[in-house]
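This is the structure:
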């Protein structure tokens with residue numbers, strides 16, 4: 001699956017626009033990560049536990065978006081974006097979205 005942040009596919013022709021493709025996941029903080037993060041706030045540094053959690057959340061959301069696009073018959077996603085939002089204290093949603101399209105051949 002080709003995933004692009006731009007709204008076209010260089011060298012290819014978009015033959016069909018299928019619509020929104022999206023995937024999301026909600027992740028909650030882990031008490032062990034909270035304790036470690038609390039110590040890091042005192043001394044400074046990267047919060048690796050949260051970094052790992054958000055990296056995993058991005059991968060899951062993107063995979064779900066790809067599955068959604070494939071179920072619509074797409075072979076590419078254009079206008080790809082990622083966003084996150086707090087849904088409650090200690091939990092965040094990661095959302096991946098774009099436009100599912102079918103692309104073919106060269107534009108020459």
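Residue numbers (the UniProt record's numbering): 1 to 108. Ideal placement from N, C-alpha and C gives every residue a C-beta, glycine not left out.
Identity of the residue in the options nearest residue i by Cα
i: residue 59; options: 14, 81, 20; result: 81
i: residue 17; options: 86, 52, 73; result: 73
i: residue 52; options: 70, 28, 9, 14; result: 28
i: residue 88; options: 79, 22, 26; result: 26
i: residue 94; options: 101, 70, 57; result: 57
i: residue 61; options: 92, 54, 24; result: 24
C-alpha gap between residue i and residue j, whole angstroms
i: residue 96; j: residue 7; result: 16 Å
i: residue 84; j: residue 75; result: 25 Å
i: residue 63; j: residue 90; result: 24 Å
i: residue 14; j: residue 22; result: 19 Å
i: residue 65; j: residue 104; result: 21 Å
i: residue 1; j: residue 77; result: 7 Å
i: residue 68; j: residue 10; result: 23 Å
Three-state secondary structure assigned by DSSP to residue i
i: residue 83; result: strand
i: residue 1; result: coil
i: residue 76; result: strand
i: residue 40; result: Only weak support is given to the placement of residue 40: the predicted model assigns it a pLDDT of 49, under 50, and the question is left unresolved by the model.
i: residue 6; result: coil
i: residue 88; result: strand
Delimiting residues of the beta strand (DSSP E) encompassing residue i
i: residue 23; result: 13-28
i: residue 101; result: 91-104
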